[in-house]
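Peer 1:
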Amino acid sequence: MSRPRLATVWLGGCSGCHMSFLDMDEWLFDLAAAADVVYSPIADVKAFPGDVDVTLVEGAVANEDNEELARQVRANSRLVISFGDCAVSGNVTAMRNPLGDPLAILERIYVEAPERDAQVPAADGIVPPLLPQVRPLHKVIPVDAYLPGCPPPADRIRAAIEALLEGSLPPNRGEAIRFG
């Protein structure tokens with residue numbers, strides 16, 4: 000029997016969920032013995048692989064690159080888990096939404112009041128265009144479970160991963176679904 004394939008993804012957010020993931024400390028050795036981590040910002044893998052069993056996605060969908068990666072994740076993952084409050088609700092990343100489309104703000108800063116180039120920064124492959132609104136993950140792709148928290152504590156992440164590796168969805172009551 001093949002080992003489960005686990006991935007973690009970082010979209011628009013602060014990486015706090017991945018820091019909390021690393022706070023699982025010694026249990027990470029147990030995880031490495033039980034599953035193959037095939038993609039993560041804490042590993043040097045450039046392209047999202049196919050045939051992933053479980054993917055934890057941190058962060059909201061804030062730019063075109065985030066949106067494209069989210070779609071790749073869904074197409075190549077059996078289970079997709081919204082990992083942290085930004086992925087679940089937009090949270091801090093979505094605080095720009097009441098200001099409207101960010102292009103107007105960028106034009107004001109970079110074009111109307113320029114000190115140098117009088118243009119909005121844009122470079123293919125370097126500066127991904129911002130989306131008009133930041134969206135939580137489930138507004139872009141179907142999500143199988145939610146793991147809220149800002150960030151979720153290490154013990155909650157561990158419990159969710161253990162359940163997923165045993166073939167169950169993470170707990171969805173009480174402290175397991177506490178925001179913040």
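Using numbering that gives the first Met the number 0, the letters of the sequence shown map in sequence onto residues 0 to 179.
From the three backbone atoms N, C-alpha and C, an ideal C-beta is built for every residue, glycine too.
Please read these numbers as outputs of a predicted model, since none were measured by experiment.
For residue 9, collect the residues of the same chain with a Cβ closer than 7 Å to its Cβ; drop the 5 residues on either side in sequence, then sort them by chain order.
Peer 2: Result list for residue 9: 17, 40, 57 and 58, in chain order.
Peer 1: Residue 125 by DSSP, collapsed to three states: which one?
Peer 2: Coil.
Peer 1: Can you list, in chain order, the stretches of the beta strand (DSSP E) that have 3 or more residues and sit fully within the region 24 to 69?
Peer 2: You should have 35 to 38, 51 to 57 and 60 to 62.
Peer 1: Drop a sphere of 10 angstroms on the beta-carbon of residue 107, count the other beta-carbons inside from all chains shown, and report buried for 16 or more, exposed for fewer.
Peer 2: Result: exposed.
Peer 1: Can you give me the start and stop residues for the beta strand (DSSP E) that residue 77 sits inside?
Peer 2: Where residue 77 is concerned, the enclosing beta strand (DSSP E) stretches over 76 to 82.
Peer 1: Does DSSP put residue 113 in a helix, a strand or coil?
Peer 2: In this structure, residue 113 counts as coil in the three-state DSSP scheme.
Peer 1: Do residue 168 and residue 144 have their C-beta atoms within less than 7 Å of each other?
Peer 2: Their beta carbons are under 7 Å apart, which means residue 168 touches residue 144 by this criterion.
Peer 1: Check residue 139 in the structure and name its three-state DSSP category.
Peer 2: In this structure, residue 139 counts as coil in the three-state DSSP scheme.
Peer 1: Taking 8 Å as the cut-off, does the region 94 to 108 touch the region 40 to 50 (at least 3 CB pairs, one atom from each stretch)?
Peer 2: Judged by Cβ distances under 8 Å, the region 40 to 50 makes no contact with the region 94 to 108, as fewer than three pairs qualify.
Peer 1: In the DSSP assignment, find the unbroken beta strand (DSSP E) run with residue 4 in it and report its ends.
Peer 2: Its beta strand (DSSP E) spans residues 4 to 9.
Peer 1: Would you kindly check if the distance between the Cβ of residue 4 and the Cβ of residue 52 is under 7 Å?
Peer 2: The answer is yes: Cβ separation under 7 Å.
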